[in-house]
Amino acid sequence: MKRILMIGTGGTIASEMTEAGLTPGLGGEDFLRYVPHLRDLCQVDCLQVCNIDSTNMTPSHWLLVAKAIRENYSRYDGFVVCHGTDTMAYTSAALSYLIQDSPKPIVLTGSQKPIHMDITDSKTNLMDAFTVACDGGIPGVTVVFGGAVILGTRARKTYSKSFGAFSSINYPALGMVQDGRLVPYFPTPAPTGPIFYESLDENVALLKLIPGASPAQLSFLLKENHAVIIESYGVGGVPAGDQGEFYDRIRQAVSGGKIVAVTTQVQNEGSDLSIYSVGHRLKSDLGVLESYDMTTEAMVAKLMWALALTKDPKELNELFYTPVAKDILCRER
């Protein structure tokens, strides 16, 4: 039988009802009591790295999960990470950079309803996640949720309550689990890794533009961080305004060694700064990074990973635009 390590982090799937609402409290052994058929699939060991609401997840927790996988990698055939849904996409992206080219499956899953409830998606999601981990046909980091198998760098929570909560953004789902079997949609080449990384630079911030946003907000974030992602509108750009203050402050920051990246608030089809003048200057004159078809979650994690390796803007530019786990396909240098 395959040996699978189940890593618990908390989340809704592990929550119990308290006077203050749902609070994580259950661990891996509790899951096995609710879903005893998991032991028919494989030999399961449990490791709890934390037990928190995923709203409280931080990059330091991502490193704990990656460390648990790294230290146990040779002993297991696959890994299932039980995680809260709200920040699962960030964690799956982060693990995709911290553990690259893994031949073994690293599967994240969770649920919209706790495992102790009569009506819950948790048991199905757990069985599906273990099915993918045991099959081995889709290696590397994935999110398995609502029957879909989604690449770790492409996952996003798109429904707040529905059981089919996650979508694959700007990239097809890798497969599905149906009747207890993994159905891959296309062949996956065997990775040559794994390659492990052990550090992240947390000094990355995100500014979501709204009409009337003040350039002072951007200046504050640039002062406090090594990199700032501007989540703009449509295909991308920043307000020109009477004084062009956004452009001036970006120019000063980039000339001082800061990293500025631009993405879009629109979920599908990505950015293209070349289309409108409000975006064209950013790319041609100021040298900002552009998301193209990357998700915001992947951009955040990738910049944290890249900045931990180098602070040199040219080297970071190269790392950012080099695809990792199919995180970026439409790009220009």
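In terms of my numbering, the sequence shown opens at residue 140 and continues consecutively. Using N, Cα and C, we set each Cβ at its ideal position, and we do this for glycine too. Every value quoted in this text rests on a predicted model; they were computed, and no experiment measured them.
* Span of the beta strand (DSSP E) around N309 -> Run containing N309: none; DSSP gives neither H nor E here.
* Bounding residues of the beta strand (DSSP E) (the contiguous stretch that carries Q182) -> 182-191
* Assuming I389 and A366 make a contact with CB atoms under 8 Å, what is their CB distance in whole Å? -> Rounded, the Cβ-Cβ distance is 12 Å, inconsistent with contact.
* Asked: Given A473, which residues of its chain have a CB within under 8 Å of its CB, disregarding the five upstream and five downstream residues?
  -> Summary: the structure shown does not reach residue 473, with the chain confined to residues 140 through 472, and so no result is reported for it.
* Three-state secondary structure (DSSP) at G217? -> strand
* Is the segment 141-157 touching the segment 165-181, taking contact as three or more C-beta pairs under 8 Å? -> yes
* Could you check if E429 is buried or exposed, using at least 16 other CB atoms within 10 Å of its CB as the buried criterion? => buried
* To do: Compare the beta carbon distance of D225 and S193 with 8 Å and say whether it is the shorter of the two.
  => yes
* Asked: Using a Cβ-Cβ cut-off of 8 Å (strictly less than) and excluding sequence neighbours within five positions of A400, which residues of its own chain qualify?
  -> A366, V367, I368, I369, V427, L428, E429, S430, M438, L442, F459
* Look at P311 and L161 and say whether their C-beta atoms are less than 8 Å apart. => no
* So which of V343, V377, V405, D411 has the shortest CA-CA distance to A352? -> V377
* With distances taken from CA atoms, which of S306, F385, E363, G285 is nearest R293? -> S306
* Top-ranked residue by Cα proximity to M145, from H176, L247, Y229 -> L247
* Ordered along the chain, which non-local residues of its own chain (more than five positions away) have a Cβ less than 6 Å from that of G285? -> F302, G303
* To do: Could you check what DSSP says for I389 in three-state terms: helix, strand or coil?
  => helix
* Asked: Can you tell which of S231, A268, S299 has the C-alpha that lies nearest to the C-alpha of G177?
  -> One detail in the question is off: residue 177 reads as Leu in this sequence, not Gly. Minimum Cα distance to L177 is reached at A268.
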